[in-house]
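Presented below is the structure to which this report refers.
Numbering (our numbering), first residue to last: 27 to 271.
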């Protein structure tokens, strides 16, 4: 495989990224000849690169104009970067406050396909605590955060997940949405209690789930009520910052 030995980079990858970079500077489609000219690639190399990118949906080709534009996957990456960057940046101070309020692990999750991904987390200082690695991915139907993400998803998505995995019912999701939060005990791990609420974004529905988790023995009833009140307060403030009114 062709490499750039001076910097330890793959030349083939660099060339592909050079092609994608062209679309940052252009608000229109580009022909194969233009792509080759702007990148100083020969036509055959440019063709192989754009053909591969189109096959993987990072580019799409207009059959009428024979020009290439950014494809669905490239656009999805851009939206994901914008969404997760904003949510992560805005939520971190609230996660710190939530952890300080109760000294339990606070985290925020987003939906990624059939999974939920931990975007940010601030852990409890207790020796016995919920440890959540940032980037952790678990099935979306598991845990309080996942159930909140599902409860605010589209009816079609709810139906699909319920039918495909059978781990949760539509009536349970409707109940979670009606009450405005989800609670789980001994689900992800024995002895673990979690409460989660939705973070909403503009008119786009749910953006993320804000959750607090720790050993069940520390989550007695009076504390749970205070936690739920605080979770809703912080989630509403983050939602407001994300344009939800």
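Just so you know, even glycine gets a beta-carbon here, dropped at the ideal spot from N, CA and C.
For residue i, the nearest candidate out of the options (CA to CA)
i           : options               : result
residue 175 : 191, 199 and 182      : 199
residue 62  : 78, 49 and 45         : 45
residue 138 : 116, 269 and 179      : 179
residue 141 : 253, 152, 183 and 119 : 183
residue 210 : 187, 229, 239 and 195 : 239
residue 245 : 223, 219 and 267      : 219
residue 165 : 188, 181 and 152      : 188
residue 130 : 212, 74 and 151       : 151
residue 243 : 269, 216, 252 and 228 : 216
residue 66  : 42, 124, 185 and 125  : 42
residue 70  : 162, 49, 58 and 81    : 58
residue 75  : 51, 40, 99 and 228    : 40
residue 233 : 201, 113 and 197      : 113
residue 202 : 172, 82 and 99        : 172
residue 118 : 250, 213, 160 and 38  : 160
Cβ pair residue i, residue j closer than 8 angstroms
i           : j           : result
residue 121 : residue 148 : yes
residue 256 : residue 88  : no
residue 241 : residue 154 : yes
residue 55  : residue 91  : yes
residue 208 : residue 170 : yes
residue 116 : residue 226 : no
residue 101 : residue 85  : no
residue 135 : residue 143 : yes
residue 237 : residue 163 : no
residue 64  : residue 50  : no
residue 231 : residue 269 : no
residue 80  : residue 94  : yes
Residue(s) in a DSSP beta bridge with residue i
i           : result
residue 144 : 135
residue 220 : 210 and 239
residue 56  : 94
residue 80  : Answer by DSSP bridge pairing: none, since residue 80 is not bridged.
residue 234 : 225
residue 86  : 95
residue 119 : According to DSSP, which records beta bridges pairwise, residue 119 is partnered with nothing at all.
Endpoints, the beta strand (DSSP E) within which residue i is located
i           : result
residue 267 : No beta strand (DSSP E) holds residue 267; the alpha helix (DSSP H) holding it covers 247-267.
Residue range of the unbroken alpha helix (DSSP H) whose run includes residue i
i           : result
residue 160 : That residue, residue 160, is in no alpha helix (DSSP H); it is neither H nor E in DSSP.
residue 154 : Segment: none, residue 154 is in no alpha helix (DSSP H) and carries neither H nor E.
residue 191 : 181-191
residue 175 : 169-177
residue 204 : 196-205
Practice task
May I ask you to verify whether the region 212-228 touches the region 257-264, counting CB pairs closer than 8 angstroms and requiring at least 3?
Solution key: yes
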